[in-house]
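In numbering that gives the first Met the number 0, the protein residues as written are 0 to 606. Glycine included, C-beta positions come from ideal geometry on N, C-alpha and C. Treat the numbers as computed from the prediction; the structure is a model and nothing was measured. Report on one structure; see the data block that follows.
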Amino acid sequence: MSVPDLNHLEFLSAIDNLRQQVGDFADRPSDWVPVTRCQSLLKRVLDRVDTLRVRLEAPLVVATFGGTGTGKSSLVNALVGTECTLAGRQRPTTRQPVIVTHPRTDLTALGIPLDDVRVVERESDLLRDVVIVDCPDPDSDEQASSGSNLERLHDLLPHCDVLLYVSTQQKYRSARVSDELLQAAQGCRILFVQTHADLDSDIRDDWRKTLTGKYEVPDLFFVDSNRALQEQQAGQRPTGDMGRLIDLLSNQLGASERVGIRRANVIDLVQVALQRCSQILSEKQEAVAGLEVALETQKQRLTNRMAERLEETLLRGRNLWERRLVSEVCDTWGTSPFSGALRMYNGFGSLLSSLSLFRVRSAAQMALLGAVQGIAWSKDASQEQSAQPGPDAASHFGLDDSLLREAGIVIEGHVQEANFSRELLTPTSPENLRAQAAAVEAGFVSDAAQRVDKTIRELAASNSRWWVRFGYEVLFILYIAFVLFRMGKNFFYESFILGTDLLSTDFYIAAGLFFVLWTGLLVMLFVRRLRTGLQGRITLLVQELIALRLSQGLFPNIDRAVREARSSQETVKALLAEVDQLRDDVAGASKLGAQKVRIEGAAELFK
């Protein structure tokens, strides 16, 4: 396989890949109106891309384009070397499009609509590689009404590969023709030809200045069509710029070059469409950024309100924290004298906890009690807590109706400004927001229970190190050892040997009282140690819980739509970078002009 064949296959592969990516983007569901506009445009572009891919090997279609009386028909006759279309300067000269083709050319492969055209077949070397279309004048009608020249022109131009832009000294600054050319030049190569060289002055330098801003203009031709036709009919080679023009058409538009021209047209077509899409999306970029800020602001407000209320609730339940911490420490320590004292203290507290279950009013308090313990105590009470109405449940976090209503109004305004689908506004109603807020607390219970358990285990582990246990056990046992020593000394030594009376009941009462006080002091010191740093851990726990449950705020659908909008912008940007690289690699045509890649005026691309 030759190198050109490999290059051709490589190009087809690149086009297929690009077409697949653009097609995937065009079929992607979106709630952002600018994206749906872009998708509609790209689908129409892909139809033309598919047409061009099918016609890669077919003869190129060269169309004349220019205002009334510029000599388009005369130029066609001069190029072919014979009279094939009527020439004149009446307005308009060409009403019915004329297709000049070689007898062996299959016009059906080109996809050109043949219903309202006149086909002329001529034996010509030039026509072996190209099909020439003598188009109607773009300035003979004000609007593209049914049956008008402008409508016929718009029907033909999408099938053309090269435009011969024909003008004269009088017409080259025509605004009407220039506007139509902007639309016609998308996906085409262009050759610029000034006619009437026998009558007009050479205005090519000034014409080039007017064209340079919008088009790539490698060359301009100044021709006398009537003289060239006479020379060809006399068997002579046309002289001057007409000879150069025919050579260019023969060499640059031959069979070996047609694939390069069409692939350049494909790239330009996709590129200008993506440029337009980029412009459409950028028009609402600031509004989308404003919506993102508003969503983040509202989420932060809700987060702060929930965090403040939740932290207050958790700190108010200090006794619950204390009992669960002591219970965890006892389980960690195992059996020991001081852990026994802690178990007795915690057992009395658990009795109170069983009563406090019936006073639980929020998910935070329920989480502190512990899911397993709560279910064990009262399954019915747990079901009653989970069945609370949505608005009441949400209010435990401070998400009252006024806050929800204000957030909904603010977000609704930004959604409309950013031009998102109105279907996204349905979830911002007060009823839906209350339901969403209630769902936040419903989902919070399981997360909170797990994280509270984890926090308690961490705090218990940090207060169960060997030196901590050793210190409290020694202090606790010292008092017990002292009392036992005093009792033993009195009984075995003082009463038997010295004859002293046994200790009275007052001693045992005092010893028991001081034992209770000593035990209480040690328990109080240990519990105080457990509480050290508790507030900081609760604050951290609150932030983690709120961030987990409010990762998308109360407007998850709008959050998703904003992320998809940003993703669409990045997709278009990536596709543009890819098509730019393709254009640099394969879309060059040194002697053929083209429209510069612009987004201005591209909105009219496929009207």
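Comparing alpha carbon positions, the residue from 161, 71, 505 closest to residue 265 is 161.
Note that the C-beta distance between residue 165 and residue 64 is below 8 angstroms. For residue 522 and residue 502, the gap between their C-alpha atoms comes out near 29 angstroms. Residue pairing by DSSP places residue 31 opposite 419 in a beta bridge. If you check the CB distance, residue 116 and residue 96 come in under 8 angstroms.
Ranked by Cα distance from residue 557, the options 513, 422, 578 are led by 422.
Residue pairing of residue 129 in beta bridges, as defined by DSSP: 59. Nearest to residue 58 by alpha-carbon distance, out of 43, 106, 66, is 106. Bounds of any beta strand (DSSP E) do not take in residue 116, whose DSSP letter is neither H nor E. In this structure, residue 163 sits away from residue 571, with a CB-CB distance that is not shorter than 8 angstroms. Residue 224: not part of any beta strand (DSSP E); member of the alpha helix (DSSP H) spanning 224-232, first to last residue. Boundaries of the alpha helix (DSSP H) around residue 177: 174-183. DSSP, read as helix, strand or coil, puts residue 215 in strand. In terms of Cβ geometry, residue 293 and residue 410 form a close pair [threshold 8 angstroms].
Distance from the CA of residue 487 to the CA of residue 325, rounded to the nearest whole angstrom, comes to 34 angstroms.
Separation of residue 75 and residue 83 (C-alpha to C-alpha, rounded to the nearest whole angstrom) is 8 angstroms.
Of the other Cβ atoms in all chains shown, 16 or more fall within 10 Å of the Cβ of residue 73; this residue is therefore buried. DSSP places residue 171 outside both helix and strand once states are collapsed to three, so it counts as coil.
As the crow flies, the alpha-carbon of residue 484 is around 36 angstroms from that of residue 531.
Around the C-beta of residue 170, 16 or more other C-beta atoms lie within 10 Å, and the residue is accordingly described as buried.
In the DSSP assignment, the residues bridged to residue 193 are 166, 221. With a contact defined as Cβ atoms closer than 8 angstroms, residue 249 and residue 109 miss out at about 19 angstroms. Taking each of 152, 329, 20 in turn and checking the Cα distance to residue 176, the smallest one comes out for 152. Distance from the CA of residue 413 to the CA of residue 287, rounded to the nearest whole angstrom, comes to 8 angstroms. The C-alpha of residue 574 is placed about 43 angstroms away from the C-alpha of residue 120. In the structure shown, residue 554 falls within a coil segment according to DSSP collapsed to helix, strand and coil. In the same chain as residue 560, and ignoring 5 residues on each side of it, the C-beta atoms closer than 7 angstroms to its own belong to 30, 31, 419, 423, in chain order.
For residue 128 against residue 41, the beta-carbon gap comes to about 32 angstroms, at or over 8 angstroms, which does not count as contact. Looking from the CA of residue 582, the closest CA among 267, 505, 451, 310 belongs to 267. A distance of 8 angstroms or more separates the beta carbons of residue 155 and residue 192. Residue 485 sits in a helix when the DSSP states are folded into three classes.
Contact check between the region 227-246 and the region 203-215: fewer than three CB pairs, one atom from each, fall below 8 angstroms, which does not count as touching. Taken through DSSP and simplified to helix, strand or coil, residue 495 comes out as coil.
In this structure the region 490-497 does not lie against the region 457-475, because fewer than three pairs of beta carbons, one per stretch, are closer than 8 angstroms. Counting the other CB atoms within 10 Å of its CB gives residue 39 a total below 16, which places it among the exposed residues.
The C-beta of residue 481 has fewer than 16 other C-beta atoms within 10 Å across all chains shown, which makes the residue exposed.
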